[in-house]
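2 protein chains.
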Amino acid sequence: MPLSDPDFSRLTASDAARLLQRRALTAQALLGACIEVIQDREPQVLAWREYDAPRAMEQARQLDQGPIRGPLHGLPLGVKDLFDTRDFPSGYGSPVYRQHRPSNDAAAVALCREAGAIVLGKTVTTEFATFTPGPTRNPHHPAHTPGGSSSGSAAAVAAHMVPLALGTQTAASVIRPAAYCGIVGFKPSFGLIPRAGVKSLSESLDTVGGFGRCVDDVALLTSVMACAPQWRQLPEDRKPRIGVCRTPQWDKASPAARQAFESTVQRLIAVGVQVVDVTLADSVSALTDVHDEVMCAEAFKALADERVNHPDLLSERLRAMLERGSRITFEQSLQHRAQLASARHRMGRDFAGYDLLMTPSACGEADSGLEGTGDPLFSRIWSLLGLPSLNLPVGVGPQGLPLGVQLIGPVMSDTATLAFTRWVEQALARG
Amino acid sequence: MPLSDPDFSRLTASDAARLLQRRALTAQALLGACIEVIQDREPQVLAWREYDAPRAMEQARQLDQGPIRGPLHGLPLGVKDLFDTRDFPSGYGSPVYRQHRPSNDAAAVALCREAGAIVLGKTVTTEFATFTPGPTRNPHHPAHTPGGSSSGSAAAVAAHMVPLALGTQTAASVIRPAAYCGIVGFKPSFGLIPRAGVKSLSESLDTVGGFGRCVDDVALLTSVMACAPQWRQLPEDRKPRIGVCRTPQWDKASPAARQAFESTVQRLIAVGVQVVDVTLADSVSALTDVHDEVMCAEAFKALADERVNHPDLLSERLRAMLERGSRITFEQSLQHRAQLASARHRMGRDFAGYDLLMTPSACGEADSGLEGTGDPLFSRIWSLLGLPSLNLPVGVGPQGLPLGVQLIGPVMSDTATLAFTRWVEQALARG
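Same order as they appear, the protein sequences are chains L and X.
All letters in the first sequence, in the order written, are residues 1 to 431 by this note's numbering.
All letters in the second sequence, in the order written, are residues 432 to 862 by this note's numbering.
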């Protein structure tokens with residue numbers, strides 16, 4: 001059943017990988033199909049800071065002629081412009097780094113290339129992965145944001161420009177754009193993927209993650225960066241117990257988001273999933289505000305050079321964020337750590353009652369307008385706790401834009417979390 | 432009591448800061464004295480990768496003419512060549528980065544400059560802060576190592592070339608060179624000082640620290656980078672209870688190191704310190720080996736670009752370390768985390784019985800020969816636990832080289848740890 005060329009761009013990364021590994025699909029054919037989509041859709045979506053089709057095609061040619069390099073052999077990859085790359089500018093979404101051309105790859109990028117990935121280009125990030133947007137538009141509707149901060153990576157995968165892309169999350173920068181663009185986004189447990197060569201924003205939060213079209217795709221991509229080959233051999237039969245958590249922010253979710261969430265709960269019950277309603281402990285709920293303060297305080301330190309030497313090149317929104325960070329005292333920072341330790345302890349106990357926690361991924365469909373990237377509200381707690389979390393698309397809202405649910409697992413249980421979320425994905429696809 | 436010019440180089444940073452703040456000493460006079468020492472001693476010590484006396488003097492002139500900039504106003508600073516700097520090459524101790532000239536300062540460097548420090552130059556680091564040495568010699572004896580990886584920073588402070596210098600510690604890279612060079616080195620709790628712009632080696636271990644001539648000096652320097660002003664206003668009356676820990680590696684300590692340690696215990700008892708003998712729990716002792724494996728496994732990931740693209744430019748020793756890291760499985764890494772959590776829990780309880788834990792800082796006097804930098808053995812556990820630790824010089828061995836003790840506090844209790852160690856320092860100076 002040969003696919004016609006344009007169809008290659010619609011393959012999941014895991015399906016494409018299987019074909020590439022047995023030479024039933026060439027890297028050149030797959031890349032060619034992706035480049036065609038980019039040429040067609042990029043003028044509207046603006047997902048890329050820069051891409052280089054001829055250089056990527058030369059790499060594809062070499063891969064087709066040489067041995068199988070690794071699990072990502074021949075897969076085109078979009079890389080958020082927060083990662084250093086040896087062959088593209090690395091601008092971090094800021095005019096401060098307009099001329100920046102590193103000589104080396106970020107460690108995560110080098111690991112992907114070592115495994116055979118083809119870096120097609122750099123995707124648009126918000127300013128230093130904060131809240132000031134780049135030009136990217138939602139591929140489902142050009143008047144809406146794709147979310148941020150991994151705006152270009154999520155949009156590029158959703159628009160079928162690449163099967164896989166790299167992102168990072170400090171607040172909600174993988175989960176929210178994945179939800180807004182209707183794809184799978186996975187943020188592994190904090191600390192599993194190296195951040196060397198990724199512009200630092202908030203050291204206790206920044207986490208490398210990935211985008212794809214299905215759970216297997218993000219498992220494949222992140223497994224390479226985490227050096228976790230077992231994420232590529234997930235067991236098939238992991239039906240999860242699910243803690244359904246409407247969160248204290250439930251009233252911030254749109255009617256459509258709530259409806260999609262409740263309907264997902266009903267569909268899961270219908271396929272026999274054991275579901276339990278979960279109310280977060282006060283110590284855990286409190287982390288939404290703690291996260292915000294930790295992020296501002298750490299960004300104030302991490303961006304010291306830019307703040308001191310290039311204040312005029314920072315957006316007003318970022319300057320305000322750093323100003324807030326400057327006012328958080330050392331005692332408050334220690335208090336934040338104590339609150340986090342307490343909440344972490346509590347969540348560790350609570351996870352005995354279920355395998356996955358399910359919350360909305362975002363407040364609703366992607367906001368209209370391109371002056372913001374939406375609210376990270378529903379992911380702040382889980383980013384601070386460092387838990388593996390994944391966006392699963394579950395439908396479309398009244399504006400025709402995607403909606404998602406966020407599935408969260410216990411810390412360092414990424415293998416099980418991926419297996420359980422894949423079970424959910426497949427049950428929902430069948431049901 | 433005016434000091435003659437050359438004496439300025441012997442001032443502690445905290446004494447110099449007091450004079451600079453009230454304009455009783457000019458930045459130019461202090462810097463001039465430091466430069467004179469460098470010109471005299473650098474040909475033998477080789478502490479610097481590069482320094483720029485005229486540019487530093489111009490900065491000193493501007494500081495003398497302008498307002499007081501902050502707590503480090505006018506203090507010359509040496510910066511380990513693992514930190515990015517906007518005005519010096521940043522080579523990370525590796526030929527891979529021989530041509531590397533970043534356009535921006537590491538966050539920690541920017542914070543020091545914002546507080547008025549004068550970056551006089553970059554000090555020699557071992558290769559990527561691992562175990563392959565640079566050219567630096569011990570200022571007390573040129574045939575001996577200064578320790579590593581912060582070799583140049585420790586040697587420069589010990590040789591009175593600068594009052595303060597920045598270092599980093601992944602295994603023992605602040606404590607060991609401080610001990611070998613006979614100065615104070617302080618590694619704060621993990622996570623307090625931003626690492627943005629510091630070349631990453633092992634993400635769960637790498638910690639920025641500082642060197643000075645006394646506890647007040649390192650408190651002053653690190654307070655600026657941790658945004659912890661209270662470290663500059665330590666209470667005077669903190670007599671600690673001390674847990675005396677000879678560690679399971681006691682037989683690796685030289686007779687001279689053991690004698691210096693025991694004599695320190697006796698002097699502390701003589702000044703009325705409550706001392707308790709501590710045997711480490713098995714879960715804690717096991718961390719010496721766990722640390723080694725965590726470091727190798729994380730280095731294998733962090734140095735992916737260099738390993739893949741420049742294998743011929745890495746030392747054989749580093750390649751062997753990365754090869755060991757490549758063989759550590761994902762399951763083993765999860766097991767390491769579980770072991771760490773268990774040991775962390777145990778140490779948290781044990782610290783109820785004492786305020787500081789005291790161990791040898793290193794196996795003995797600095798090794799002779801420049802082909803190695805000594806053994807990090809006595810600091811591995813505390814680096815992995817992320818505990819604040821400090822080297823205090825306590826004497827001189829039979830080869831005329833310094834010996835030190837390592838004082839360790841509970842995690843995130845850096846303010847108390849600094850206050851207690853200062854009490855110990857002053858009691859030993861009196862006794």
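Just so you know, even glycine gets a beta-carbon here, dropped at the ideal spot from N, CA and C.
Report the residue from X/Leu718, X/Glu489, X/Gln837, X/Thr516 whose alpha carbon sits nearest the alpha carbon of X/Thr695.
Position 264 of the second sequence, counting from 1, holds the residue named residue 695 of chain X. Of the candidates X/Leu718, X/Glu489, X/Gln837, X/Thr516, the one whose C-alpha sits nearest the C-alpha of X/Thr695 is X/Gln837.
So, do the region 162–179 of chain L and the region 702–709 of chain X have three or more beta carbon pairs nearer to each other than 8 Å?
No, the region 162–179 of chain L does not touch the region 702–709 of chain X.
Using three-state DSSP, classify L/Gln21 as helix, strand or coil.
Within the first sequence, residue 21 of chain L is the residue found at index 21, counting from 1. Under the three-state reduction of DSSP output, L/Gln21 falls in the helix class.
Kindly list, in the order they appear in chain X, the residues whose Cβ is closer than 7 Å to that of L/Ala228.
In the first sequence, residue 228 of chain L corresponds to position 228, counting from 1. Neighbours of L/Ala228 in chain X, taken as residues at a C-beta separation under 7 Å, are given in chain order as Phe761.
Beta-carbon neighbours of L/Met412, restricted to chain X and to distances below 7 Å:
By 1-based counting over the first sequence, the position of residue 412 of chain L is 412. Ordered by position in chain X, the residues that pass the 7 Å Cβ test against L/Met412 are Leu765, Arg768.
X/Gln490 CB to nearest chain L CB: under 9 Å?
By 1-based counting over the second sequence, the position of residue 490 of chain X is 59. The C-beta of X/Gln490 comes no closer than 9 Å to any C-beta of chain L.
What are the complete beta strand (DSSP E) segments, minimum 3 residues, inside the region 67–128 of chain L?
Correct list: 76–80, 118–123.
Give me whichever residues DSSP pairs with L/Asp277 in a beta bridge.
As a position in the first sequence, residue 277 of chain L is number 277, starting the count at 1. Answer is L/Val244, bridged to L/Asp277.
Can you round the beta-carbon distance between X/Ser722 and X/Leu623 to whole angstroms, since I take them to be within the 8 Å contact cut?
Against the second sequence, residue 722 of chain X aligns to sequence position 291. Against the second sequence, residue 623 of chain X aligns to sequence position 192. The sequence given here has His at residue 722 of chain X, not Ser. Not a contact, Cβ separation roughly 20 Å.
Looking at the structure shown, is X/Ile839 part of a helix, part of a strand, or coil, going by DSSP?
Along the second sequence, one-based indexing puts residue 839 of chain X at 408. Residue state, collapsed to three classes: strand.
Near-chain L residues of the region 622–653 of chain X (beta-carbon distance less than 9 Å), N- to C-terminal order:
Under the 9 Å Cβ criterion, the region 622–653 of chain X contributes Gly622, Leu623, Ile624, Pro625, Arg626, Ala627, Gly628, Lys630, Ser631, Leu632, Glu634, Ser635.
Below 7 Å between beta carbons is the criterion; list the residues of the region 98–117 of chain L that meet it against any residue of chain X, in chain order.
The residues in question are His100, Ser103, Asn104, Asp105, Ala107, Ala110, Leu111, Glu114.
Where does L/Met1 fall in DSSP's three states?
Walking along the first sequence from the start, residue 1 of chain L turns up at place 1. With a pLDDT of 41 at L/Met1, under the threshold of 50, the modelled position of this residue cannot be trusted; read the value that follows with caution. It is coil, neither helix nor strand.
Quick one, which residues of the region 281–305 of chain L are near chain X if we go by CB-CB under 9 Å, in chain order?
Of all residues in the region 281–305 of chain L, those with a C-beta nearer than 9 Å to a C-beta of chain X are Ala297, Glu298, Phe300, Lys301, Ala302, Leu303, Ala304, Asp305, reading in chain order.
Touching or not, the region 644–661 of chain X and the region 608–617 of chain X, by the rule of three or more beta carbon pairs under 8 Å?
Segments in contact, yes.
Out of L/Cys34, L/Ala352, L/Asp282, L/Phe8, state which residue places its alpha-carbon closest to the alpha-carbon of L/Gly24.
For the purposes of this step, residue 24 of chain L is identified with residue 24 of the first sequence, where counting begins at 1. Correcting the residue identity first, residue 24 of chain L is Ala in this sequence and not Gly. Of L/Cys34, L/Ala352, L/Asp282, L/Phe8, the residue nearest in Cα terms is L/Phe8.
Taking 9 Å as the CB-CB cut-off, is X/Arg738 touching chain L?
Reading the second sequence from its first residue, position 307 is the one you call residue 738 of chain X. Output row for X/Arg738: interface = yes.
X/Met592, enclosing beta strand (DSSP E) - first and last residue
Taking the first residue of the second sequence as 1, we reach residue 592 of chain X at position 161. It is not in any beta strand (DSSP E) - X/Met592 carries neither H nor E in the DSSP assignment.
Outcome for L/Ser433 when other beta-carbon atoms lying within 10 angstroms are tallied against a minimum of 16
Absent from the model: residue 433 of chain L. The displayed extent of chain L is 1 to 431, so no value can be given.
Do L/Thr126 and L/Gly93 have their beta-carbon atoms positioned less than 9 Å apart in this structure?
Reading the first sequence from its first residue, position 93 is the one you call residue 93 of chain L. Reading the first sequence from its first residue, position 126 is the one you call residue 126 of chain L. Yes, Cβ-Cβ distance for L/Gly93 and L/Thr126 is below 9 Å.
Sort out for me which residues DSSP pairs L/Pro211 with in a bridge.
Within the first sequence, residue 211 of chain L is the residue found at index 211, counting from 1. The question names Pro, but residue 211 of chain L in the sequence shown is Phe. Bridge pairing for L/Phe211: L/Ala165, L/Gly185 [DSSP].
In whole angstroms, give me the CA-to-CA distance for L/Pro229 and L/Pro71.
Indexing the first sequence from 1 puts residue 229 of chain L at position 229. Indexing the first sequence from 1 puts residue 71 of chain L at position 71. When rounded, the distance between both Cα atoms is 9 Å.
How big is the Cα-Cα spacing for X/Pro433 and L/Asp81?
Sequence index remark: in the second sequence, residue 433 of chain X carries index 2 (1-based). Sequence index remark: in the first sequence, residue 81 of chain L carries index 81 (1-based). The predicted model places X/Pro433 with a pLDDT of 46, which falls under 50 and marks its position as unreliable, so this point remains unresolved.
Judging by CA-CA distance, which residue of X/Phe642, X/Arg672, X/Arg500, X/Leu859 is the nearest neighbour of X/Ala585?
For this step, residue 585 of chain X is matched to residue 154 along the second sequence. Answer by Cα proximity: X/Phe642.
In the structure shown, what three-state DSSP assignment does X/Thr563 receive?
Residue numbering aside, residue 563 of chain X sits at position 132 when the second sequence is read from its first letter. Here X/Thr563 carries a coil assignment [DSSP, helix/strand/coil].
Nearest to L/Arg176 (by Cα), restricted to the options L/Gly152, L/Gly148, L/Thr288:
Position 176 of the first sequence, counted from the start, is the residue given in the question as residue 176 of chain L. Looking at the Cα atoms, L/Gly148 is the closest of the given residues.
Determine, for L/Val79, whether the minimum Cβ-Cβ distance to residues of chain X falls below 9 Å.
In the first sequence, the residue the question calls residue 79 of chain L occupies position 79. Not one chain X Cβ lies under 9 Å of L/Val79.
Limits of the alpha helix (DSSP H) - the one that L/Thr359 falls within
One-based indexing of the first sequence puts residue 359 of chain L at position 359. Careful: L/Thr359 lies outside any alpha helix (DSSP H), inside the beta strand (DSSP E) at 356–360.
Taking only runs of the alpha helix (DSSP H) that begin and end inside the region 458–490 of chain X, which ones reach a length of at least 4 residues, in chain order?
Correct list: 458–476.
Neighbour flag for X/Arg750 against chain L, beta carbons, 9 Å
Locating residue 750 of chain X in the second sequence gives position 319, counting from the first residue. Output row for X/Arg750: interface = no.
Spatial distance of X/Cys658 from X/Glu747 (CA atoms):
Position 227 of the second sequence, counted from the start, is the residue given in the question as residue 658 of chain X. Position 316 of the second sequence, counted from the start, is the residue given in the question as residue 747 of chain X. Going by the C-alpha atoms only, they are around 39 Å apart.
Which two residues bound the contiguous beta strand (DSSP E) that contains X/Asn822?
Residue numbering aside, residue 822 of chain X sits at position 391 when the second sequence is read from its first letter. X/Asn822 -> beta strand (DSSP E) spans 820–827.
Using CA atoms only, rank isn't needed, just tell me which of X/Pro566, X/Trp813, X/Ser604 is closest to X/Val639.
To locate residue 639 of chain X, count along the second sequence from 1; it is residue 208. With distances taken between Cα atoms, X/Val639 lies closest to X/Ser604.
Taking only three categories from DSSP, how would you classify L/His336?
Here residue 336 of chain L refers to the residue found at position 336 when the first sequence is read from its first residue. Judged by DSSP in its simplified three-state form, L/His336 adopts helix.
Which same chain residues end up closer than 8 Å to X/Thr443 when comparing Cβ atoms and leaving out the 5 residues on each side of it in sequence?
The residue you call residue 443 of chain X lines up with position 12 of the second sequence. Exclusion of the five residues before and after X/Thr443 leaves Pro594, Gly643, Arg644, Cys645, Asp647, Asp648 as the residues of its chain whose Cβ lies within less than 8 Å of its Cβ.
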